[in-house]
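Just so you know, the sequences run in chain order E and D.
For the first sequence, the UniProt record's numbering assigns the number 1 to the initial residue and increments by one for each residue that follows.
For the second sequence, the UniProt record's numbering assigns the number 1 to the initial residue and increments by one for each residue that follows.
Where is the CB? At the ideal position from N, CA and C, for every residue including glycine.
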Amino acid sequence: KSSVQTIGEEQIQNPYTELLVLKGHQDIVRFLVQIDDWRFASAGDDGIIFLWNAQTGEKLYELRGHTHKITAIAPFSSSDVTEEKNDLIITASADRTVIVWDCTSGRQVQKVSCFHSTVKCLTVLQRLNVWLSGGSDLCVWNRKLDLLCKTSHLTDAGISALVELPKNCVAAAVGKELIIFRLSASDNGSEGWNVLEVKRLVDHQDNISSLVSVNDLTFVTGSHIGELIVWDALDWTMQASECNFWDSSVHPDVQPEIKLSQSPSETSVQHLTSDEECVFAAVGKGIYVYNLQMKRVIACQRTAHDSSVLHIEKLPNRQLISCSEDGSVRIWELREKQQLPAEPVPTGFFNMWGFGRANKQANQAAKKMQENTPMYFLELVGDLIGHSSAVQMFLYFGELGLATCSADHLILLWKDGERESSLRSLTLFKKLAQNGDLQLKL
Amino acid sequence: MISAPDVVAFTREEELEDDLYREPPLPEEYSVPLFPFAGQGANPWAKVAGSKFTRDFILISEFSEQVGPQPLLTIPDDAKVSGTFDLNYFSLRIMSVDYQASFVGHPPGSAYPKLNFVEDSKVVLGDSKEGAFAYVHHLTLYDLEARGFVRPFCMAYISADEHKIMQQFQELSTEFSKASECLKTGNRKAFASELEKKLKDLDYTRTVLHNETEQQKKANDKGYYTTQAIEKANELASVEKSIIEHQDLLRQIRSYPYRKLKDSEFHPYEPECALDRADVGCDQDPTASDPTEPGETHLYTHVPSYTPKLIKAKSAKCFDKKLKTLEELCDVYFFTQTLDQLHHIERTFRGDVCYLLTEQISRALLKQQSVTNFLFEDVSFLDEKPPEKQYRGCQGLGQDAIDEKCLEESLAPKVVISLGSYKSSVECVPIKMEQEMEDSEGPKMSESVMSEHQENLDYLDADIKGSISSGESIEVLGTEKSGSGLTKSESQASLPVIPSPQAGRSKVGSRRTVSEDSIEVLSTCPSESLIPEDFKASYPSAINEEPYADDDEGGLRFTPRLNPGVNDGQDSVLKQESLVQVDAACCIGKESPSFLEPLPELGQKPCEEDGVVRIPPQPYRPAEQGLRGGFPSHDGLSGGLLPYELDSRYLSGSREVSKSSLDECSDSTSYISSAASTCSDRTPSPAHLACAAGERHRKRAGQNALRFIRQYPFAHPAIYSLLSGRTLVVLGEDEAMVKKLVTALSIFVPNCGVYAKPVKHWVTSPLHLVDFQKWKLIGLQRAVSPGGVNVLHALSRYSRYLSILDADSKTLRCPLYKGTVVARLADHRTQIKRGSTYYMHVQSILTQLCSKAFLFTFCHHLHLPISEREPEESVVNRRINFLKLQLGLANEDIKIVQYLAELLKLHYIQEPGQAGNPLLRFDYVPSFLYKI
């Protein structure tokens, strides 16, 4: 526990100095999904979906329709500009139904209940104006909820993750396998689609736990035993793979630490996120930054949290936010290490760990190598403590703040206190002017 | 830092303080010699020590047709209160001044008895022998069995302090009117149902008689009627007549509410107001649900199972029957409500009048701070309903410009009237004026006064002379109208009293040749027909003695306009006013040196004259005088109206407040009410209970806070935490100790809205984030049980949002404080000894903070760029500079003001309807551990 980096009560860089508690859920809140730039939806084990105003924290709608817990949620906004803006969200539940909701009116648009198994993932292909549901099979639906096509029964366990790939392809994680499907327009009509299995990738040794698309050329998968594989999105070949990267001995540039016994939960890749350069992986309690170009982990925080990291996200400003089962949310910043030309520290540092002078040569080489490539480290710049139970997910709203959801049934909206304060001043003077009190008061 | 309460009661209040905090007794040489008449705990300043009762009380009496005037009950219902005071005798006195023109019977030209809906009369009466002064509220209740169907009752507020009665006349009148209206509503209901029963009886009797007559007819077909038959026929006829009469009565009583409703000023008794008065919910009685038509709605529901009885032709002798009790007369529910209201009145007006006045004034001021007052003031009074209609006139005036007011005829009467009762109380007729003139002081009176007198005497109206009262009484005649179309007290406002040129007479008009010891004051106008012209005109100009600023103001505004007709303009008015002053003074302090003063001087330094010399030791008098000095009368004397313009807003406010204060004025010098049990828990409770408790709570909190700042060297950072919105948790094993600390600290907690203070006295479960949002001060149990571990775990987890005061180990963990504000707020070397004084000290500093926060919040350019191109940084700089330089805040004090400003903003922008999502603001600042 002591190995977890802590930050004092003084957090200059932490902008979140105000919070709102959004109450409503009666069970674990697992999903947060952004609808547009000021609204988001939350869903969880109580089967209720709430729509919130991210600025005011106001509860906009309470959508009831599912009888079991929600298993997947996806926003589906109309791609057509000419059409009047019509924001939909699709939710799938353990009651084997999928419901489409209208976010503007808060009404249920349509309900599909012809599933044989629980839908575990939903993906919207905006480009094709269709959405896919993944359970024990993969179904393709159009906006009007017509079933366009479906695959045969794949597995009882079902599809755990779906990601859109170029050229009308999708990758589905089914157990240890990664199956690539291609959607093609059928010959007999414009609305007709066929879905074909194109390839099965069986490189993972264990169940694939996360699947994320990096860019048009690459996507990444992570498995329960900590394998990270980078795939080519066009020909579905393995570009690079990283296993055992939690093992400090493999990566001397990573701060070595005394290893505890590795249990699967500590090596499981819980969540992946990426920007153009790097893939950020939540592995066990730690966070790892994998550089796609260098094909290696450039920075890591082995014990970023007291327990498993459940969700991470990269912010535009080189910051990274992670949330964990321990109920905390932490803000990290990826920083370059200051490299002084003749810094003796690394040597001494390694000496401590027994690399010693015997390895000096190798060390020097390593050091040279490091001098060419910048060194990074993750610095903790702030933590948000509010939830009393595991923080399942969070949603970064930029200026509006950060929404976090948790097993304690709450959603917290973290806000920049300074900004909120000046916004309130603005509102105040608007209202003063409105009431005509301005002259009186000033 | 001596403020009023310190002066008041060296001898008195001690017993009220918690024993724990009892101050050491004063050294003998400093203590105030006990007033000769005073018993243990009596107020040495009270000049009415001759009174035989220990405190103010309310007496309800009846003029019984069987035994004459008799006391029915007193509030508080405690034999100790009235002591040796002769209630029977006093009942006789108060019942003998009933000016109600109650008339029930067969008016000429009417076939049926007519119910007269008599307005209540309000009279002030004094009895110097008993040392008692009373506001007497007469009302008439209907009783079918009573003579003329009426039972005269009166409710009297009896006090040893005549000023109190005089100065609180309007308030008393308003409150008693409520009680009376409640009684009468219940009575109308009961009367109607009684009538119904009677009608059923009569109907039944008629049927029986009819049958008997028929039988007799059948029985003898001899062609002539027996005496018996004739008797029966007569009886039948009389029963039928009786039925018609009773039906008519029923119709009249039922039509009452509707008739009244047409009158815009009519305020039917609202059970809703009963709601906040007492915990008796409306739902107890369906009556409450629809107050406007009590007669119709429930009569049938209540008495469906009534079995009619045969009515004997001859009813029992008057003296044989037992008259209904008051409770029977007015439905139990209404009776209880009335008692509640009376208890409320008793609590409200308890204590010294100056205390009440100060309270009312400060309330007036506070009410005006609508933007900031929610922060540190008691929530209860902010919740109050807006002032009632009768104050409308005044409010309107306050907002208008003075000139407008003078010009606007329509507005004028309202003001005049609403102030009327006060005015009148001012017009205290000098007791035995003639005599005094001959007295040694008399000749020294300035010529002008004399001539004024002579002049005015000419105007004396015959009517008034006629009303010379018997000795030993001060009487203020309240509104009396028998006009059925008009409402009672409220109706004053609707009276079209047009200030007439005769105003000049007024003063003298009220001056009567009365025998020794009597002061008689005629107050608000009765219906026009009843009141002589002089009287109507008199109100506006009779002003000066008014302690109520707004009264003065109201009066003054009119004088210039009113008087030019008569006399030579303002000058004479002024003289008159000063004359009145003199008169009043002489009522108060018989030998007033100010009689000697030439008028001009009187105008220049009146406060001193009034406050110190003329009026014998009166604890709060100086404050009151100070107020007066700043305002109307004296400025009026010097001829300037300008000052009022400045003060007009303030002044108008005080009227509202005099109303609002009713809620929460229990005097520090008064006894702890038996009814208001010790409720330290300030969770929402019926308003008046909370108020009574509120006062004590304040005092106790002040005392505890004093102890806290003396005992704990780290009081400053703790208070800073509270003021800057960081939740303070008081952790301890002993519930009483924790609660005491929480109570002490609660006075520093700013409110987040107009809801209850964000203070939680005792929590035993682990805290959660939501709690910090809701509560800013929490008492937390430290337990050794496993649960206790969780509690502590939660504390350490959320430690960044918390300051933790450990009451057991006497440590405090909280951010550093280096500012100066709190040092002034909580100086451990303070000389303040008393809880209530300290409370006021705190309030005053907090008020300063509030005003700073207000300035900060509402200065436009501190928050928004002056020009569009201005960068945000310069606004921020400006903001910081303002806080530091303009407001003179240092270090952490800035945070306090910023937090308060944030609360103000939230409060202001919050839409009235919605509660708003509570937010939690916090800082990432390191905490330190303080130890003793």
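For R147 (chain D), three-class secondary structure by DSSP:
When secondary structure is reduced to three states using DSSP, R147 (chain D) falls in the helix class.
Can you tell me the Cβ-Cβ gap for S799 (chain D) and L812 (chain D), rounded? I've got them flagged as a contact below 8 angstroms.
Actually they are not in contact, since the Cβ atoms of S799 (chain D) and L812 (chain D) sit about 13 angstroms apart, beyond 8 angstroms.
I need the boundaries of the alpha helix (DSSP H) containing I932 (chain D), first residue and last residue.
Counted as a single uninterrupted DSSP element, the stretch harbouring I932 (chain D) is not any alpha helix (DSSP H), since DSSP gives it neither H nor E.
What are the boundary residues of the beta strand (DSSP E) that includes N194 (chain E)?
Where N194 (chain E) is concerned, the enclosing beta strand (DSSP E) stretches over 193-201.
Spell out whether any CB of chain D is found under 8 angstroms from the CB atom of K295 (chain E).
K295 (chain E) does not count as touching chain D.
6 angstroms Cβ shell around N435 (chain E) - same chain, five flanking residues per side excluded
Contacts found: none.
Tell me whether residue 933 (chain D) sits in a helix, a strand or coil according to DSSP, three-state version.
No answer is possible for residue 933 (chain D): the residues shown for chain D start at 1 and end at 932.
Quick one: Cα of V22 (chain E) to Cα of L413 (chain E), how far?
Note that residue 22 (chain E) is Leu in the sequence shown here, rather than Val. For L22 (chain E) and L413 (chain E), the distance between alpha carbons rounds to 7 angstroms.
According to the neighbour-count rule (16 or more other Cβ atoms, all chains shown, within 10 Å of its Cβ), is M166 (chain D) buried or exposed?
It is buried - the Cβ of M166 (chain D) has at least 16 other Cβ atoms within 10 Å.
Contacting residues, own chain, Cβ-Cβ under 7 angstroms from R143 (chain E) (five flanking each side not counted)
Excluding sequence neighbours, R143 (chain E) sits near N129.
Any beta carbon of chain E sitting closer than 8 angstroms to that of Y924 (chain D)?
Yes, because at least one Cβ of chain E sits closer than 8 angstroms to the Cβ of Y924 (chain D).
Between the region 773-789 of chain D and chain E, which residues of the former have CB atoms less than 8 angstroms from a CB of the latter, in chain order?
Listed in chain order, the positions of the region 773-789 of chain D with a beta carbon within less than 8 angstroms of a beta carbon of chain E are Q773.
In angstroms, rounded to a whole number, what distance separates the CA positions of A233 (chain D) and I311 (chain D)?
Distance from the CA of A233 (chain D) to the CA of I311 (chain D), rounded to the nearest whole angstrom, comes to 15 angstroms.
Check the DSSP bridge columns for K122 (chain D) and list the partner residues they point to.
BP columns for K122 (chain D) point to D:H137.
For a quick check, are the C-beta atoms of L72 (chain E) and L122 (chain E) less than 8 angstroms apart?
Per the sequence shown, the amino acid found at residue 72 (chain E) is Ala instead of Leu. Closer than 8 angstroms, so yes.
Could you run through the region 278-308 of chain E and flag, in chain order, every residue whose CB is less than 8 angstroms away from some CB of chain D?
If you check each beta-carbon in the region 278-308 of chain E against every beta-carbon of chain D, none falls closer than 8 angstroms.
Chain-ordered chain E contacts of residue 967 (chain D) [CB-CB under 9 angstroms]:
An answer regarding residue 967 (chain D) cannot be provided, because it is not within the stretch 1 to 932 covered by chain D.
Where A43 (chain E) falls: helix, strand or coil (DSSP)
Residue state, collapsed to three classes: strand.
Contact set between the region 859-883 of chain D and chain E, restricted to residues whose Cβ is under 7 angstroms from the partner:
Those would be H860, H863, L864, in chain order.
Could you give the first and the last residue of the continuous beta strand (DSSP E) run that contains S241 (chain E)?
Segment 238-242, the beta strand (DSSP E) holding S241 (chain E).
Buried or exposed for L183 (chain E), please, with buried defined as at least 16 other CB atoms from any protein chain shown within 10 angstroms of its CB.
With at least 16 other beta carbons inside 10 angstroms of its own, L183 (chain E) counts as buried.
From the DSSP output, read off the bridge partner residues of Y61 (chain E).
Paired residue(s): E:L51.
Give the straight-line distance between the Cα atoms of residue 481 (chain E) and L706 (chain D), rounded to the nearest whole angstrom.
It is not possible to answer for residue 481 (chain E), since the shown part of chain E is limited to 1 through 442.
Can you give me the Cβ contacts of V212 (chain E) inside the same chain, cut-off strictly under 7 angstroms, excluding the 5 residues immediately before and after it?
When the five nearest sequence neighbours on each side are left out, the beta carbons in the same chain lying within less than 7 angstroms of the beta carbon of V212 (chain E) are those of V163, F219, V220, L272, T273, S274, in order along the chain.
List the residues of chain E that H768 (chain D) touches, going by C-beta distances under 7 angstroms, in chain order.
Correct list: S388.
Assuming E162 (chain D) and G126 (chain D) form a contact by the criterion Cβ under 8 angstroms, report the distance between their Cβ atoms to the nearest whole angstrom.
Under the criterion of beta carbons closer than 8 angstroms, E162 (chain D) and G126 (chain D) qualify as touching, at roughly 6 angstroms.
Under 8 angstroms between the Cβ atoms of M95 (chain D) and S128 (chain D)?
No, they are not a contact pair.
8 angstroms is my cut-off, CB to CB: does R424 (chain E) come that close to chain D?
Proximity of R424 (chain E) to chain D, defined by a Cβ-Cβ separation below 8 angstroms, is satisfied.
Can you find a C-beta in chain D that's less than 8 angstroms from the C-beta of G436 (chain E)?
The C-beta of G436 (chain E) comes no closer than 8 angstroms to any C-beta of chain D.
What separation, rounded to the nearest whole angstrom, lies between the Cα atoms of residue 447 (chain E) and N86 (chain E)?
Outside the displayed range of chain E (1 to 442) lies residue 447 (chain E), so it cannot be described from this structure.
Listed by chain order, chain E residues near E171 (chain D) by CB distance under 7 angstroms
Correct list: empty, because the minimum Cβ distance to chain E is about 30 angstroms.
Skipping 5 residues on each side, what residues in its chain have a beta carbon closer than 6 angstroms to that of residue 447 (chain E)?
Within the shown structure, residues of chain E are numbered from 1 to 442, placing residue 447 (chain E) beyond reach of any answer.
Can you tell me whether DSSP reads P786 (chain D) as helix, strand or coil?
Reduced to three states, the DSSP call for P786 (chain D) is helix.
From the DSSP output, read off the bridge partner residues of I896 (chain D).
DSSP lists no beta-bridge partner residue for I896 (chain D).
Under the rule that 16 or more other beta-carbon atoms within 10 Å means buried, what is H343 (chain D), buried or exposed?
By the neighbour-count rule (16 or more Cβ atoms within 10 Å), H343 (chain D) is buried.
If you draw a straight line from the C-alpha of K176 (chain E) to the C-alpha of P786 (chain D), how long is it?
Taking the CA atoms as reference points, K176 (chain E) sits about 44 angstroms from P786 (chain D).
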